[in-house]
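S.K.: Residue numbers (the numbering used here), protein chains in the order written: chain Z, 22 to 133; chain B, 267 to 378. We put the beta carbon where it would ideally sit given N, CA and C, even for glycine. Sharing a structure below in structure tokens format, with a few things to ask.
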């Protein structure tokens with residue numbers, strides 16, 4: 022089955038800096054890669070996703086890149102703000118029948 | 267704003283008690299999930315139901331018993347739990363069991 026590794030487990034940045042979180046996956050058939058943000062005490066919420074037919078997707082300050090050859094994908098947050106502080110989870114799945122497999126999470130702390 | 271509602275939001279129970287967690291989704295989805303979230307394992311899939319049939323059971327102890335009476339409702343029946351079962355239990359739903367997952371707010375369970 023699918024295995025998703027996420028790094029780093031914690032990340033501390035200064036407000037205004039960029040943050041990058043990386044995930045690798047094992048199943049080459051995976052073709053859908055969502056990212057979830059979970060603020061303290063709240064539910065995980067989908068913030069962006071990408072499918073394997075594109076290499077990059079942007080939504081304002083966040084972007085996701087996908088390298089299918091290397092089997093890794095990354096979340097990029099630019100101009101970080103304190104409200105970006107949260108735990109971020111990556112996930113991967115193959116439409117052939119596998120469910121979403123989540124990475125271990127990254128705790129992002131943005132210092133004002 | 268969430269289409270997935272969970273009750274109760276907080277539950278404290280003794281090890282000999284029997285209680286149930288309830289989840290309801292208003293999104294017209296066909297798949298529902300129970301996840302356990304604790305400090306040691308951030309997002310641990312417990313059960314998956316697709317069209318009211320159990321699709322996956324990730325070796326969960328029998329003291330957790332799921333019930334899916336229809337595609338909109340999911341229960342998690344709890345009995346003779348252990349203190350290590352204390353965690354946030356998240357319900358989720360998706361259009362089908364291979365698509366984007368939408369989480370509820372979670373039920374915080376403390377076993378004393």
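Tell me residue 332 (chain B)'s beta-bridge partners as DSSP assigns them.
M.R.: The residue given as residue 332 (chain B) occupies position 66 in the second chain. For residue 332 (chain B), which the question treats as bridged, DSSP gives the partners B:342.
S.K.: According to DSSP, residue 285 (chain B) sits in a beta bridge with which residue or residues?
M.R.: The residue you call residue 285 (chain B) lines up with position 19 of the second chain. DSSP lists B:344 as partners of residue 285 (chain B).
S.K.: Which chain B residues are close to residue 76 (chain Z), counting only those with a beta carbon under 9 angstroms from its beta carbon?
M.R.: Reading the first chain from its first residue, position 55 is the one you call residue 76 (chain Z). By Cβ distance, chain B contributes nothing, its closest Cβ being about 20 angstroms from residue 76 (chain Z), past 9 angstroms.
S.K.: Taking only beta-carbon positions, decide if residue 366 (chain B) is within less than 8 angstroms of chain Z.
M.R.: Against the second chain, residue 366 (chain B) aligns to sequence position 100. At least one chain Z Cβ lies under 8 angstroms of residue 366 (chain B).
S.K.: With a threshold of 8 angstroms, are at least 3 pairs of Cβ atoms found where one atom belongs to the stretch 267-287 of chain B and the other to the stretch 45-55 of chain Z?
M.R.: Touching, no, given that fewer than three Cβ pairs across the two stretches are closer than 8 angstroms.
S.K.: In the DSSP assignment, find the unbroken beta strand (DSSP E) run with residue 68 (chain Z) in it and report its ends.
M.R.: Taking the first chain and counting its residues from 1, the one referred to as residue 68 (chain Z) is at position 47. Here the beta strand (DSSP E) through residue 68 (chain Z) covers 66-72.
S.K.: What does the alpha-carbon distance come out to for the pair residue 329 (chain B) and residue 319 (chain B)?
M.R.: Translated into positions along the second chain, residue 329 (chain B) becomes position 63. Translated into positions along the second chain, residue 319 (chain B) becomes position 53. Whole-angstrom Cα-Cα distance: 20 angstroms.
S.K.: With distances taken Cα to Cα, identify the nearest neighbour of residue 314 (chain B) among B:293, B:299, B:341.
M.R.: As a working mapping, residue 314 (chain B) is identified with position 48 in the second chain. Ranking B:293, B:299, B:341 by Cα distance to residue 314 (chain B) puts B:299 first.
S.K.: Cβ atoms of residue 296 (chain B) and residue 316 (chain B): under 8 angstroms apart, would you say?
M.R.: Position 50 of the second chain holds residue 316 (chain B). Position 30 of the second chain holds residue 296 (chain B). Yes, they are a contact pair.
S.K.: Please list the partners that residue 314 (chain B) has in chain Z, where partner means a Cβ-to-Cβ separation under 9 angstroms.
M.R.: Stepping through the second chain from its first residue, residue 314 (chain B) is reached at position 48. By Cβ distance, chain Z contributes 120.
S.K.: If we count the other Cβ atoms within 10 Å of its Cβ and call it buried at 16 or more, is residue 95 (chain Z) buried or exposed?
M.R.: Numbered from 1 along the first chain, position 74 holds the residue referred to as residue 95 (chain Z). Classification for residue 95 (chain Z): buried.
S.K.: Check the Cβ-Cβ distances between residue 319 (chain B) and every residue of chain Z, and say whether any is below 8 angstroms.
M.R.: The residue given as residue 319 (chain B) occupies position 53 in the second chain. Closer than 8 angstroms: no.
S.K.: Name the chain B residues that come within less than 8 angstroms of residue 175 (chain Z), Cβ to Cβ?
M.R.: Absent from the model: residue 175 (chain Z). The displayed extent of chain Z is 22 to 133, so no value can be given.
S.K.: Could you list which residues in chain B have their beta carbon closer than 7 angstroms to that of residue 129 (chain Z), in chain order?
M.R.: Taking the first residue of the first chain as position 1, residue 129 (chain Z) is located at position 108. Within 7 angstroms Cβ-Cβ: nothing; residue 129 (chain Z) doesn't reach chain B, min ~14 angstroms.
S.K.: If I'm right that residue 289 (chain B) touches residue 272 (chain B) with Cβ under 8 angstroms, what's the distance once you round it to whole angstroms?
M.R.: For the purposes of this step, residue 289 (chain B) is taken as the residue at position 23 of the second chain. For the purposes of this step, residue 272 (chain B) is taken as the residue at position 6 of the second chain. Between residue 272 (chain B) and residue 289 (chain B) the Cβ distance is about 5 angstroms, and since that is below 8 angstroms, they are a contact.
S.K.: Verify the CB distance criterion: does residue 67 (chain Z) have a CB-CB separation below 8 angstroms to chain B?
M.R.: Taking the first residue of the first chain as position 1, residue 67 (chain Z) is located at position 46. So yes, residue 67 (chain Z) belongs to the interface.
S.K.: Reducing DSSP to helix, strand and coil, say where residue 103 (chain Z) ends up.
M.R.: The residue given as residue 103 (chain Z) occupies position 82 in the first chain. Residue 103 (chain Z) falls in the helix class under three-state DSSP.
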